[in-house]
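Each step along the sequence shown adds one to the number in my numbering, with nothing skipped, and position 32 is 49.
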Amino acid sequence: MPAIAEEKRIWLIDIARFYAIALVFYGHFVERLMILQNPAGAIQYKFIYSFHMILFFILGGYISRESDLEFGFGKYLKHRFFSRLLPFLFFTVIFMILPFIFSGDFGQLQLPSIRGYIIGTLLTVFGLPVFCIPSWFILMFFTVELVHYGAFRFLKSSNIKILIAVVVFYVAGYWINLQFDIFNPAKQRMIGWNYLFIHEAITMYAFYLLGVYLRRRQFLMNKVSLKITIPGAIIAFLIVFFTFNLNNGPFNFNYFNSVVILFSSHGSFIWFPITAIVGSLLIFFLAKITPSQKTIVLIGQNTLLLMCLNGLFYHYINFRVAKLVLDNLSGSFPTILVISLLMTVVSLAVCIPLIYLFNKYVPQLVGKPKTNGPWLKNLI
């Protein structure tokens, strides 16, 4: 397949990833409002979680290079380790140190304490990175890419095979997780149950493959009239708006009554993929409409780094701000919408200097292993 031109990659994918990571920051803030029993936060949480993580997997498939699969397994694994797992390990160490400096929220885990660190390390090894919860996505994405390495060589000859595999992997993954409910803290299934999310990677690979198919079909890759993209965005939004709340389960992790990919809690076999796919297409259309402003592109190009940096807000800031908001403001839908948007913008703005610092001094540790200097040599 032809490579995606740099300008097209920036115009579409980086902007789409900007929206995706903004939804992560927004979603994690309204999650705190939902936990505090705010109805407006709860409904916004359910809306965002109905599609935003699926979007990342579709985008991952869209930008995947089929030439990478020609590597030997050792070379492929080495590249994925240094570009995926090394950043995960690097930020895990950083976030293990932070509780000695700042007081944070780690659920029932008491940090800093010897017992807390022992339990937290065990939970992290078995797939629940409690020192930086948002970084779980990196582990799952790593496993999806390994599944892709093994499976795609049997699919690449035909787009029809790819579409059939989308259905097969979705059905298989959905059934496995619904029947066996493998990784679920509500049922004390954590330590010893999860191994790099292989159980959920089966389901998510279906959406990754869909991204591959969209790229092959050059979906929105070339110039498209606003007469198509604007109505497309409106229609996609309306479909998501009228379907996200139809997904009423069964949810494995029914504490939130929403889609939670971390715990393989998908809900309806029909409504989940419909809303997730259409919601992802909504972001594609919005990305095509949005000008490639420098800051937006910068954020979109550093989503892996930002996924980890979001842990600062997830564990240390969001719960404090959420309580402050509900103690002093009405908690109505418009109020929560405005406050959550402001919180997202401010949070991303705070992260921008950190993006520059990490990329300048230790790019090899934050997902850019081919970069040389200034403190470390290139790793691959």
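Idealized CB from N, CA, C, for every residue including glycine.
Sorted by chain position, which residues of the same chain lie with C-beta nearer than 8 Å to R170's C-beta, five sequence neighbours on each side aside? Here the set comprises L86.
Bridge-paired residues (DSSP) for R34: DSSP output for R34 lists no bridge partner at all.
From T312 to F197, what distance separates their C-alpha atoms? The alpha-carbon atoms of T312 and F197 are separated by roughly 44 Å.
According to DSSP, which residues form a beta bridge with R206? Beta-bridge pairing links R206 to N201.
Does the region 357 to 369 touch the region 139 to 148, meaning 3 or more C-beta pairs lie closer than 8 Å? Contact between the region 139 to 148 and the region 357 to 369 is absent, with fewer than three C-beta pairs closer than 8 Å.
State buried or exposed for K387, treating a residue as buried only when at least 16 other CB atoms are found within 10 Å of its CB. Exposed, because fewer than 16 other Cβ atoms sit within 10 Å of the Cβ of K387.
So who's on the other strand from V277, going by DSSP bridges? DSSP lists S282 as partners of V277.
Same chain, Cβ closer than 7 Å to I215, neighbours up to 5 away in sequence not counted: Counting only Cβ-Cβ distances below 7 Å, and skipping sequence neighbours, we find T160.
Can you list, in chain order, the residues of its chain with a C-beta nearer than 8 Å to that of V257? Leave out the 5 residues immediately preceding and following it. Correct list, in chain order: F64, S67, F68, T292, V295, G296 and L299.
Measure the beta-carbon distance from A203 to F107 and round it to whole angstroms, keeping in mind my assumption that it falls under 8 Å. Rounded, the Cβ-Cβ distance is 30 Å, inconsistent with contact.
Classify N4: buried if its beta carbon has 16 or more other beta carbons within 10 angstroms, exposed otherwise. Look at the range of the chain in this structure, 18 to 397, and you will see that residue 4 is not part of it.
Give the secondary structure of F186 by DSSP, where H, G and I count as helix, E and B as strand, and everything else as coil. Annotated three-state conformation of F186 is helix, per DSSP.
For Y378 and T260, I'd like the C-alpha separation in whole angstroms. Each residue's alpha carbon lies about 45 Å from the other.
Are I75 and L227 touching if we call contact CB-CB under 8 Å? Yes, they are a contact pair.
Alpha helix (DSSP H) runs contained entirely in the region 144 to 175, provided each spans 4 or more residues: Counting whole runs of 4 or more residues, the region 144 to 175 contains the alpha helix (DSSP H) stretches 153 to 168.
Decide if P116 is buried, meaning its Cβ has at least 16 other Cβ atoms within 10 Å, or exposed. Label assigned to P116: buried.
Under the three-state reduction of DSSP, which class applies to D344: helix, strand or coil? Of the three classes helix, strand and coil, the one that applies to D344 here is helix, per DSSP.
In angstroms, rounded to a whole number, what distance separates the CA positions of F35 and L180? Near 27 Å, if we compare the C-alpha coordinates of L180 and F35.
Identify, in the order they occur along the chain, each residue of the same chain with its Cβ nearer than 6 Å to the Cβ of I38, setting aside the five sequence neighbours on each side. If you ignore the 5 residues before and after I38, its C-beta comes within less than 6 Å of the C-beta of T320 and L323, all in its own chain and listed in chain order.
Applying the criterion that 16 or more other CB atoms from any shown protein chain within 10 Å of the CB defines a buried residue, is A20 buried or exposed? Because the pLDDT at A20 is just 42, under 50, the model does not fix this residue reliably, and the value given afterwards should be weighed accordingly. The residue is exposed, with fewer than 16 neighbouring Cβ atoms inside 10 Å.
Does DSSP put Y212 in a helix, a strand or coil? DSSP places Y212 outside both helix and strand once states are collapsed to three, so it counts as coil.
Starting from M70 and walking both ways along the alpha helix (DSSP H), at which residues does that stretch end? Residues H69 to I80.
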